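Residue numbers (the UniProt record's numbering): 1 to 1137. Taking it in order: structure first as structure tokens, then the write-up.
See below:
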């Protein structure tokens, strides 16, 4: 078995049924063997292969096929061990690998270049480019039906359906013309349109084949089908040197496709004996066109009138003895199997333990009548136990479910001495696997996922490396990009540390840079300019991890700059990676073990994959550049398999999907995420293009193309995944689900165990020393509160003392909240330091200084979609201040992929909202003349406070300038509130002080000194332009010029008071309507969930003396501006008249 899993003897003894199969192989007949999980199919396959070689069959003419490259790698080790470690062993391949070998050999025989296998991401990118060209009016005319609107063509889900349809066509040798004909005959307009795209796709590939030094290009489905054609042609020609086999053994035949069956038929016709081993209930490759019914068809004789593939007249055998699973697990497996449709009979489902071995080793005729059997365990008062071989748990929330999985794994490991490597967690999807693996790692469990669950460009280490290379070569760095890179794994900085880097950079820049541009962009100056970090070693953070991170990023940027003349992708990427000096650190972390090892493994594996792809990219296109390679990586939207070497992870818990777990076994398995609507996922897989309907039609299967039949087929596939997950356990399997008002357990849980009695449980404290310290504190406090509980409390206190003495930090009182005094009550800024204020933050500082401080320190994620969308709209407005509606819409379409959204209906809805914003922007620009300036920087000192920021636009009202600020939020302020809007008022103050420029827009942001503004016209006021409000036309709110207020000085007083609030050492909170969306409400003392539970030593009434605001609300600001008094006087005058 795979290393680290349950051991299997190299030469296990066969039972009587397996012996009968071995004897039948000696007759030369084709053989098909079915059996339930654990009945020894893989063991039998290995025995047949080694026996054949031992009997004198040439090892080069024996091949063992399995469903995937991963399975082949694991079986290869077992074949070598079974053969005594000699070199003379059979080849172990996947079907695609064998097909590639056949086509490569044919190319070599004919003097052609070796074929090229197109990966899934590459095929997806090529299809995406074709579809994008169609949307832009280029390429062939594709008549998509009305059910497939243009916005659908850009979705990853649609491309996935297209790939499935093309794979089914390739497997069955359906040419584009055939697909078009079938579409017309069966009234499927989507097939007619897809045929046009398929034809264009083949033409593009054919054009690529015309390059003399490039071989034929095939995708994973087409290469197997083409190999079947080539193998048959070579057989007919009796071509010398062709690959021929005497024995072909196929394990996991339930995951074979129609193309695989055709390839096997060609090999069988050329003299190969076939031994096919299958469990139709374990098929997990349905989304790739697997045919679980092929095991049934294999036993039927070929018929020239039949359209079916895979008819070999094979002798059928059934294995019914379960060798590796506990009896309770075997019964659970049987209960699930009984609910699955009969793709190849039912006799193989009734497996018993070795004591019940029927000894029927003869061939059997499979019937389709199953004896009476319970579909699941009996229902009653059921209470699961940790020691139960089969158990079902209901948890209160998804976080509880993940914490419970971690707790159970740790309990098995530490109390039952089960190695980490003999535990596994199996979930429905790759996204769930990543979430569970992260939760286990945080709980101290060394957990890894089973493979890439996201595109390579989404891997943090890869994304940051490509970002550094591309931005440095394009000289396109900005502070936001630098902050994003600093948050990557290369630098080990949390959001608070990243902000500290910004502050340190500002201090260094103030000393080093006399130019104004450098002073306004300190991080950019320090990290991208040569010598920008002078003085860092002698600063307050010299020698700390913060300084190391800054040096590391500067070195990586410098390495990218030094390779500016190099175009080879591998050379450039390696230079930047080497400059990070992370190789040894990550390698040591990976070898050290523990939770951090899993992350280090994942990072190193991702980089190995990147470098392998760089080598392949260079081999395929010798003149390709690093820029082209980075663009290609960023264009891949789906994960890809890789041939790159990856780390061998031994003593770890694997978190897998059923497809990744197939063919493997563990002592203890947790199957999680069994939620209604999630598992089973009954959504039709190909509802738009009907790939499965096409396959059913061509294969001659009737009745499976109606909606009810399709849903039944989907349910069967989901049940097979569940059976595979449960059957991976040899001793114990526990299933978990969330049960709450919003989430209900899946009905599939009932096939394993009845619903547990009582309410859903919460995860207990972590099963580690931290959790033990927490339990001791809680239990000790509870004992003290009980009458006569002092003795029990003393025991808990003594336990805390022993834990604290052993170095458990959580048991040491000085770490408990409320024990230590506050760290400091010093002001945030010294008395002689000028406070920098952003106009956009003034309102928040006046409304609630605690929330202002929390958001300033990173309580609000900087990567939210609304933030990125707002930035995108502002950039379009800046770059196109006087463009037409069509130009703005085209620019939005061009830049939309920069947001990195996952394709789907939510993304389409968001893009629709963005288009509405751009349309309103176009309306505003059409109604107004070209602006005087865009994105003009402000940098002015007002009452001891430095106001810094930028104004979106400076427009005109008559001959006077008018400040414009764009808003992309959905809620527009009232006109009364906009009249005293703090941000607009701050912009007006800065402009009136003479520090907002009107230089040419192409000059970039720059501050213009007051001497340059002496002759400038006075402001006409300011306006808020709402682009995201749910109105048909643009909404505008205005603010009069400050000089026109009864008290024009109110804005300067507001800015000065904001500076005092920001500089103070005390903060205050003010409850209000905005509290519902506050990101720090759980830490806010005026909210119930954030209420302080203890009195912290060292605090007094100084917090009550914190500078409060006189501008916290619109009413306050109206009063300060004199508008209230003015309104009262007007009322008095009206009454007097």
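Each residue gets a CB set at the ideal place from its N, CA and C atoms; glycine is no exception. Predicted model, so just to flag it, every value in this text is computed and none were measured.
Sequence-distant residues of the same chain with beta carbon closer than 6 Å to residue i, five excluded per side
i: residue 80; result: 89
i: residue 196; result: 140 and 142
i: residue 810; result: 770 and 773
i: residue 309; result: 258, 261 and 262
i: residue 883; result: none
i: residue 311; result: 297, 300 and 302
i: residue 725; result: 426, 658 and 671
Per-residue burial, residue i [other beta carbons within 10 Å of its own, 16 or more giving buried]
i: residue 1115; result: exposed
i: residue 463; result: buried
i: residue 328; result: buried
i: residue 186; result: exposed
i: residue 613; result: buried
i: residue 662; result: buried
i: residue 66; result: buried
i: residue 15; result: buried
i: residue 415; result: exposed
i: residue 1059; result: buried
i: residue 355; result: Residue confidence for residue 355 is low, a pLDDT of 47 falling below 50, so the modelled location carries little weight; the figure read from the coordinates is stated next. Exposed.
i: residue 58; result: exposed
i: residue 645; result: A caution first: residue 645 carries a pLDDT of 46, below 50, which makes its placement in the model too unreliable to give a value.
i: residue 757; result: exposed
Identity of the residues DSSP links to residue i by a beta bridge
i: residue 317; result: 33
i: residue 394; result: 737
i: residue 447; result: 653
i: residue 278; result: 34
i: residue 960; result: 957
i: residue 526; result: Beta-bridge pairing links residue 526 to no other residue.
i: residue 745; result: 675
i: residue 309; result: Bridge partners of residue 309: none, in fact.
i: residue 1026; result: 967 and 1035
i: residue 385; result: According to DSSP, which records beta bridges pairwise, residue 385 is partnered with nothing at all.
i: residue 732; result: 668
i: residue 218; result: 117
i: residue 290; result: 257
i: residue 247; result: 62 and 273
i: residue 933; result: 954
Reduced DSSP category for residue i - H, G, I as helix; E, B as strand; rest coil
i: residue 253; result: helix
i: residue 114; result: coil
i: residue 800; result: helix
i: residue 612; result: helix
i: residue 1021; result: coil
i: residue 814; result: helix
i: residue 273; result: strand
i: residue 94; result: strand
i: residue 836; result: strand
i: residue 423; result: strand
i: residue 24; result: helix
i: residue 761; result: strand
i: residue 434; result: helix
i: residue 617; result: helix
i: residue 792; result: helix
Cβ neighbours of residue i in the same chain (closer than 7 Å, five flanking residues each side left out)
i: residue 267; result: 231, 245 and 248
i: residue 839; result: 947, 949, 983, 986 and 987
CB of residue i within 8 Å of CB of residue j, strictly
i: residue 425; j: residue 94; result: no
i: residue 255; j: residue 284; result: yes
i: residue 577; j: residue 465; result: yes
i: residue 921; j: residue 898; result: no
i: residue 412; j: residue 418; result: yes
i: residue 617; j: residue 629; result: yes
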